[in-house]
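Residue numbers (my numbering), protein chains in the order written: chain H, 1 to 293; chain Y, 1001 to 1269. Below is one structure; the comments refer to it alone.
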């Protein structure tokens, strides 16, 4: 699926290095008993810049990292070397950086970074088939729906971006993707019946991948726990990096990483996963919907 | 990952996740440093740890025993079929990962009665392409039922490694010994059995466990080391026998650890 000669395993991007480096800098600063203001002063920046750095929201200048480590009294060469390597990785552009700003918003770019860096992606989808599983025809149909009047070239680039994301599934170290789909997402025939049948067949195919799990919540098990709508919980390989909940809205997105918020969504996701058909039952259910579509 | 057989036994998916009392698999996940736990578990886990700080050592060393035991069973003992009852939430180095690193074609049946644990196992404990994992929703109080269902997936004319890791503490001796002996009775000659559980040799551990049991969570009882021996009755004990968890075939670079749990591996003659 890779289209530009990029090695398929090398798509993780700068997000996790940012989060890990930010987390470390936060711990060192706290251990040294230094305030964000004082740290900001040291690198000619504001306290909020320090907070953005520590939360992994921005790239890092190597000189700033070196100055902060001096201030925090971190002199061990090995530790410093490791963190400077992270700082370089944290500045490398992700594969998505070449898509134009007209179709790539900051909030979606952040999501792509998190998605590419995640070790486990748990998604609940109420309305649409998850972007990682969409066929080109289905992706085109929902893109047209959301961007009426956009020029054909823009639609093409949006569809190409969405399909490019799916390289994640065939990369060297793919994340485990665990998706729970409401039956409604399978019944709404975006692009017409034949597009939808193709999409449902694609779901059966991807569910056969080792690292992909698909479960459907049938209408007959209504009244399920996700009253609010679709959301995604991202988990990262390092236990010290907190889970992130992603909720897409019409013109922006919510990112939640406070433990109380994440707990709530994790609980809902767990309820959904236990209420849904099991992964083993799901393909047969999909096959039945294909017959009726 | 899937077969007809699974679909049949998957027919009843429970939805009874209680988030108001601490949950043994989630609290264990917390002590191991995982993120699959809720506030109620972390609160109970912290209270426990205040009384008995060693609990994180218990969590870590008992996972270490699981890894060494499975490596031995798949390696030296040549086991290619595992029946792991009381799976718990996924962590690093789950049974199938350790076994399939030694022999990728190994088959594992994970058994648990908890819907949350099973949902995670089905999604995240997936087999190597060469081997296979199966997931059974079953209660260990019905050992013959587990054996019958597992026989649809494992070949019981060939040896099976039975694993009961940290779950027999949920039963009194009167319940636990018969359950274990009935499970062992269904295994062919040459099969293996591995078990660890918490021991009652530390006062703070006893106290913390009592507090936990009084909280409304599913209780767990610590056993004296002598009371581990009946689990292995009629089996040939693998060296070094029934011993503290850190002493069972330690890795060469293992650091000495406090003793809070006992374990053993036996072979059915």
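Using N, Cα and C, we set each Cβ at its ideal position, and we do this for glycine too.
Consider the Cβ of residue i: report whether some Cβ of chain Y lies at a distance smaller than 8 Å.
i, result
"residue 220 of chain H", "no"
"residue 287 of chain H", "no"
"residue 273 of chain H", "yes"
"residue 27 of chain H", "no"
"residue 178 of chain H", "yes"
"residue 213 of chain H", "yes"
"residue 1 of chain H", "Annotation note: pLDDT 37 at residue 1 of chain H (below 50); position unreliable, no value reported."
"residue 261 of chain H", "no"
"residue 243 of chain H", "yes"
"residue 295 of chain H", "Residue 295 of chain H is absent from the model: chain H starts at 1 and stops at 293."
"residue 15 of chain H", "no"
Alpha helix (DSSP H) containing residue i: first to last residue?
i, result
"residue 1215 of chain Y", "Careful: residue 1215 of chain Y lies outside any alpha helix (DSSP H) and carries neither H nor E."
"residue 155 of chain H", "152-165"
"residue 108 of chain H", "106-117"
"residue 1145 of chain Y", "1143-1150"
"residue 27 of chain H", "15-32"
"residue 1107 of chain Y", "Segment 1107-1112 is the beta strand (DSSP E) holding residue 1107 of chain Y; no alpha helix (DSSP H) there."
"residue 41 of chain H", "36-42"
"residue 139 of chain H", "136-146"
"residue 84 of chain H", "77-91"
"residue 1177 of chain Y", "1173-1185"
"residue 1229 of chain Y", "Unbroken run through residue 1229 of chain Y: none, as it is neither H nor E."
Output, in chain order, the set of chain Y residues within a Cβ distance shorter than 9 Å of residue i.
i, result
"residue 151 of chain H", "The premise fails here: residue 151 of chain H is roughly 41 Å from chain Y at the closest Cβ pair, so nothing lies under 9 Å."
"residue 210 of chain H", "1001, 1126, 1127, 1128 and 1129"
"residue 64 of chain H", "Within chain Y, no residue comes near residue 64 of chain H; the closest Cβ sits about 30 Å away, beyond 9 Å."
Any C-beta of chain H sitting closer than 8 Å to the C-beta of residue i?
i, result
"residue 1110 of chain Y", "no"
"residue 1013 of chain Y", "Note that residue 1013 of chain Y scores a pLDDT of 36, beneath 50, so its modelled location is shaky; the value from the coordinates is reported in the next line. Closer than 8 Å to some Cβ of chain H, the Cβ of residue 1013 of chain Y qualifies, so yes."
"residue 1019 of chain Y", "yes"
"residue 1268 of chain Y", "no"
"residue 1104 of chain Y", "no"
"residue 1246 of chain Y", "no"
"residue 1119 of chain Y", "yes"
"residue 1261 of chain Y", "no"
Which bits of chain Y does residue i rub up against, with CB to CB less than 7 Å?
i, result
"residue 235 of chain H", "1035"
"residue 76 of chain H", "Per Cβ cutoff of 7 Å: no residues; residue 76 of chain H is ~22 Å from chain Y at best."
"residue 70 of chain H", "Those do not exist, as residue 70 of chain H stays about 31 Å from chain Y at its closest Cβ, beyond 7 Å."
Could you tell me which chain H residues have their CB closer than 7 Å to the CB of residue i, listed as they occur along the chain?
i, result
"residue 1162 of chain Y", "In chain order: nothing, as chain H lies at least about 24 Å away."
"residue 1115 of chain Y", "274"
Considering just the uninterrupted stretch of the beta strand (DSSP E) at residue i, what are its terminal residues?
i, result
"residue 1137 of chain Y", "1132-1137"
"residue 1082 of chain Y", "1081-1085"
"residue 1264 of chain Y", "1261-1267"
"residue 122 of chain H", "120-125"
"residue 1165 of chain Y", "1161-1165"
"residue 1193 of chain Y", "1192-1198"
"residue 176 of chain H", "176-182"
Please confirm whether residue i has its beta-carbon closer than 8 Å to some beta-carbon of chain B.
i, result
"residue 239 of chain H", "Protein chains in the displayed structure are H and Y, and chain B is not among them."
| query | What are the uninterrupted segments assigned as alpha helix (DSSP H) that are 4 or more residues long and contained completely in the region 1016-1064 of chain Y, given in chain order? | reply | 1024-1031 and 1039-1051
| query | Unbroken alpha helix (DSSP H) runs of length 4 or more, entirely within the region 186-246 of chain H: which are they? | reply | 193-207
| said: I'd like to know if the region 167-182 of chain H and the region 101-114 of chain H are in contact, where contact means that at least 3 CB-CB pairs between them fall below 8 Å. | reply: no
| task | Specify whether the region 1085-1097 of chain Y and the region 147-162 of chain H touch according to this definition: at least 3 beta carbon pairs, one from each stretch, less than 8 Å apart. | result | no
| task | Examine the Cβ distances between the region 26-37 of chain H and the region 126-137 of chain H and report whether three or more of them are shorter than 8 Å. | result | no
| request: Inspect the CB distances between the region 1019-1030 of chain Y and the region 243-254 of chain H and report whether three or more fall short of 8 Å. | output: no
| At least 3 beta-carbon pairs within less than 8 Å: the region 1154-1165 of chain Y vs the region 1120-1128 of chain Y | No, because fewer than three Cβ pairs between the region 1154-1165 of chain Y and the region 1120-1128 of chain Y fall closer than 8 Å, the two stretches do not touch.
| request: State whether the region 234-246 of chain H contacts the region 199-211 of chain H, with contact taken as three or more CB pairs (one from each stretch) at a distance under 8 Å. | output: Cβ pair count under 8 Å is below three, so no.
| query | Is it a yes or a no for the region 1213-1228 of chain Y touching the region 1185-1203 of chain Y, going by three-plus beta-carbon pairs under 8 Å? | reply | Judged by Cβ distances under 8 Å, the region 1213-1228 of chain Y makes contact with the region 1185-1203 of chain Y, as three or more pairs qualify.
| said: Pairs of beta-carbons, one from the region 1225-1240 of chain Y and one from the region 1173-1180 of chain Y, closer than 8 Å: are there three or more? | reply: yes
| field | Inter-stretch contact at 8 Å, needing at least 3 Cβ pairs: the region 149-164 of chain H / the region 250-264 of chain H | value | no
| Contact the region 1043-1050 of chain Y vs the region 1096-1111 of chain Y: 3+ CB pairs below 8 Å | no
| field | the region 32-44 of chain H contacting the region 60-76 of chain H, beta-carbon criterion three pairs below 8 Å | value | Between the region 32-44 of chain H and the region 60-76 of chain H there are three or more inter-stretch CB-CB distances shorter than 8 Å, so the stretches are counted as touching.
| query | Contact between the region 280-291 of chain H and the region 1059-1074 of chain Y: three or more CB pairs below 8 Å? | reply | no
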